[in-house]
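This note's numbering puts the first residue of the sequence shown at 446, with every later residue one more than the last.
Glycine included, every Cβ here is placed at the ideal spot set by N, Cα and C.
These notes are about the structure you will find just below.
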Amino acid sequence: LVASLFDRAHARNLCSSTSFEAGFLPTAEILDDIVIDTPKALVLFAIMVKPLR
């Protein structure tokens, strides 16, 4: 659901790729630590950022 929201916001130019990158960067930097406790974190993170490619 959230991935769809990000996809639509990006497609309609409501939020730039730079803004998305700035928002996701802190999480991306610690993702390897998050995966230890939440094994699906990498897959879920990829789903969230997929619309931005």
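query                                                                                           : result
Whether residue 460 touches residue 451 by CB criterion (9 angstroms)                           : yes
Proximity below 9 angstroms, CB of residue 462 to CB of residue 497                             : yes
Beta-carbon proximity list for residue 472, same chain, < 8 angstroms, skipping 5 on both sides : 479, 490
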